[in-house]
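Just add 28 to wherever you are in the sequence shown, counting from 1, and you've got my numbering. Just so it is clear, CB atoms sit at the ideal spot from N, CA and C, and this is done for glycine as well. Take a look at the structure set out below.
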Amino acid sequence: MYDLVVIGAGPGGYVAAVRAAQLGLNTAVVEKDAPGGICLNWGCIPSKNLIHQAELFHNLGEMEAVGVDIQRDSLDYAAVQGRSREVDSDLLLEAISDRYGIATPFIINEFGATELSSQLYETTLREAIHPPVGPRRLWVPPWVRATPVDPDTLRPVEGDKVGILRIDDTANLDSVCCIQTADLAKRVEDGIVVLGRAAGATPRGCSLAADQALGAR
């Protein structure tokens, strides 16, 4: 069906996919988390946003030279960090599709972790080939249980309520078969949608260094 499937929609992956499509190959892109990869969503670009906001905060002191008194005794770092990570997933998918000519059903998120043997893939590509098409969601293999649970009781939430994601993976033969994540998720039809990290969750990825550097100031 496809001449090339690119694993990862980061700065290298989607560029390779675009070039392959330009050369006439029928190409699909598989991404485990957010299109754009770590660089766009947690690393390079959000870090530059944090640096820019720090510069703005620092430059407020120059206003005093022209007689404007501004109090700079506090900085809501949580709000700053949240602003640096705001990105609408639908708009991002549309922007990637428009810029690189890849139809949005062929941009596929994958959810996985080093502690897991199994991965969860979005259903968009499968449903584009074999309709009907449902909402964008992660398909859960039959040997995996992906359960949104209440953060206080760790009991499964009802219906499509949002909880923190717990994963039971029976393919983990030589390690733990269950992990409790700090990712927010909800059920959607026969799958789940991951909504991001829970408030106050431990930072992961490239953002960890930025959190430590800026938080220590």
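Express the C-alpha separation of Asp-196 and Ala-229 in angstroms, rounding to a whole number.
20 Å
Inter-residue spacing [alpha-carbon to alpha-carbon] between Leu-32 and Phe-134
12 Å
On the three-state DSSP scale, how would you describe Gln-50?
helix
Would the beta-carbon of Phe-139 be found less than 8 Å away from any heavy atom of the ligand PLP?
Looking for the ligand PLP in the displayed structure turns up nothing, as the structure carries no ligands at all.
Pairing CB atoms from the region 179-186 with CB atoms from the region 51-64, are three or more of them under 8 Å?
no
Buried or exposed: where does Glu-217 fall if 16 or more other Cβ atoms within 10 Å of its Cβ makes it buried?
exposed
Between the alpha carbons of Val-46 and Val-58, how many angstroms are there, rounded?
13 Å
Whole beta strand (DSSP E) elements within the region 165-228, 3-residue minimum
172-177, 191-197, 206-216, 219-225
Taking Arg-173 as the reference, which of Pro-163, Arg-164, Pro-184 has the closest Cα?
Pro-184
Taking Cβ positions, are Ile-136 and Ala-210 nearer each other than 9 Å?
no
Using the C-alpha atoms, what's the distance from Thr-151 back to Pro-160?
11 Å
What residues in its chain sit with their C-beta under 7 Å from that of Ala-37, if we drop five residues either side in the sequence?
Val-57, Glu-59, Pro-63, Gly-64, Gly-65, Ile-135
Under 8 Å by Cβ, that's how I've got Ile-220 and Arg-165 pegged, so tell me the actual separation to the nearest angstrom.
6 Å
Residue range of the alpha helix (DSSP H) that Glu-90 falls in?
No alpha helix (DSSP H) holds Glu-90; DSSP gives it neither H nor E.
Bounding residues of the alpha helix (DSSP H) (the contiguous stretch that carries Glu-122)
117-128
Boundaries (first-last residue) of the beta strand (DSSP E) holding Thr-55
55-59
Coil, strand or helix - Ser-112 by DSSP:
For Ser-112, the pLDDT reaches just 47, beneath the cut-off of 50, and the residue's location in the model is therefore unreliable, although a value from the coordinates is still provided. Helix at Ser-112.
I'd like to confirm the pairing. Which residues does DSSP put opposite Tyr-30 in its beta bridges?
According to DSSP, Tyr-30 bridges with nothing at all.
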